[in-house]
Amino acid sequence: MQQPPARVRILDAAHELMLTVGLARATTKEIARAAGCSEAALYKHFTGKEELFIRVLAERLPRLTPLLRSLAAEPGQGTLQENLTEIARQAALFYEQSFPIAASLYAETQLKRRHDDAMREMGYGPHRPIEDLAAYLRAEQDLGRVARDADPYAAASLLLGACAQRAFAYDATPDATRPEVDDFAARLARTLLAGIAGLPGSTGSAGTEGAPGPG
């Protein structure tokens with residue numbers, strides 16, 4: 001059976017090692033060994049561990065950014081509740097899978113600084129999903145499906161912040177169980193929509209969603 005291309009094997013190996021031993025301990029040498037190639041071959045495809053980390057987030061985890069950008073490019077499709085529920089579901093899964101990888105960054109200041117610099121250079125960063133979701137909500141606001149006085153950036157921060165919290169906030173509960181992702185996403189979207197659509201308990205139905213509320 002033919003092996004996958006080297007780039008694919010390297011990304012797979014990087015993903016696995018970052019999950020199992022942590023980002024700080026997943027060296028390029030270990031990643032190359034796990035991928036069945038030389039370290040020199042790894043550097044033919046990636047500039048270093050910083051780029052590998054970013055590519056793992058972008059290509060091996062739930063595709064949150066493409067979803068947000070596609071919705072922003074074509075606002076008005078589907079209902080807001082359906083769209084926000086899918087965004088919340090993808091975001092919850094993304095943070096659930098990325099948090100164990102990224103957590104070790106915060107234990108080493110210099111490592112985090114290098115990764116922050118690399119993300120800036122490549123146009124990535126944890127702020128981007130918030131900006132992309134805010135852009136989508138502004139586009140819906142322009143169509144009248146989000147209340148005129150709603151704050152898209154604050155709404156985006158609330159939704160994604162809750163999804164990020166789900167990744168670790170429930171580990172200390174008695175049964176250490178996260179809320180089930182589909183139910184969590186639906187409840188979160190419904191609650192957020194009730195605020196930004198200006199209609200308490202709004203379901204985002206075609207005839208009423210986003211209508212400005214009184215006042």
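37 is the number that UniProt numbering gives to position 37 of the sequence shown; each next residue is one higher, with no gaps.
Where is the CB? At the ideal position from N, CA and C, for every residue including glycine.
How long is the line joining the alpha carbons of residue i and residue j, rounded to whole angstroms?
{"i": "residue 179", "j": "residue 39", "result": "41 Å"}
{"i": "residue 68", "j": "residue 144", "result": "19 Å"}
{"i": "residue 61", "j": "residue 109", "result": "25 Å"}
{"i": "residue 20", "j": "residue 92", "result": "20 Å"}
{"i": "residue 162", "j": "residue 30", "result": "34 Å"}
{"i": "residue 157", "j": "residue 2", "result": "45 Å"}
{"i": "residue 106", "j": "residue 193", "result": "33 Å"}
{"i": "residue 220", "j": "residue 81", "result": "This structure gives no information on residue 220, because the portion of the chain shown stretches from 1 to 215."}
{"i": "residue 115", "j": "residue 27", "result": "14 Å"}
{"i": "residue 89", "j": "residue 5", "result": "31 Å"}
What is the DSSP secondary structure of residue i, reduced to helix, strand or coil?
{"i": "residue 183", "result": "helix"}
{"i": "residue 146", "result": "coil"}
{"i": "residue 77", "result": "coil"}
{"i": "residue 178", "result": "coil"}
{"i": "residue 3", "result": "coil"}
{"i": "residue 170", "result": "coil"}
{"i": "residue 46", "result": "coil"}
{"i": "residue 223", "result": "Residue 223 lies beyond the range of the chain shown here (1 to 215); nothing can be said about it."}
{"i": "residue 197", "result": "coil"}
Subject >> Length at least 4, wholly inside the region 92-167: the alpha helix (DSSP H) runs in chain order >> reply: 109-122, 128-142 and 152-166
**OP:** Ignoring anything shorter than 4 residues or poking outside the region 8-77, list the alpha helix (DSSP H) runs there in chain order.
**Re:** 28-35, 39-45, 49-59 and 64-73
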